[in-house]
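Residue numbers (the working numbering): 979 to 1054.
Heads up, the thing below is written out as structure tokens.
Put into structure tokens, the structure is as follows:
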């Protein structure tokens, strides 16, 4: 867990948020593209994968920030 109050803690948090959003979105689009290629339905599954990837990323970021803020409250 990122230690609040230490130098670079917020930089690490924001970097992790960016990586989470990037990876989940690209994974959703990639899986959607593979499904579209298999079924010949371009861009249906790409758009569904994009939406699902963004939703999963938002949920992961929400959990990360919640844990970070709970950790900050414990140290105050």
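Ideal Cβ placement from N, Cα and C applies to all residues, glycine included.
- When C-beta atoms of the region 989-996 are compared with those of the region 1015-1023, fewer than three pairs fall below 8 Å, so the two segments do not count as touching.
- Here residue 1010 carries a helix assignment [DSSP, helix/strand/coil].
- Taking the C-beta atoms as reference points, residue 999 is found no nearer than 8 Å to residue 1027.
- Per DSSP, reduced to three states, the secondary structure at residue 1027 is helical.
- By the 16-neighbour rule on beta-carbons within 10 angstroms, residue 1002 is buried.
- Per DSSP, reduced to three states, the secondary structure at residue 1015 is helical.
- A distance below 8 Å between beta-carbons, with the five flanking residues on each side excluded, links residue 1004 to the following residues of its chain, in chain order: 1031.
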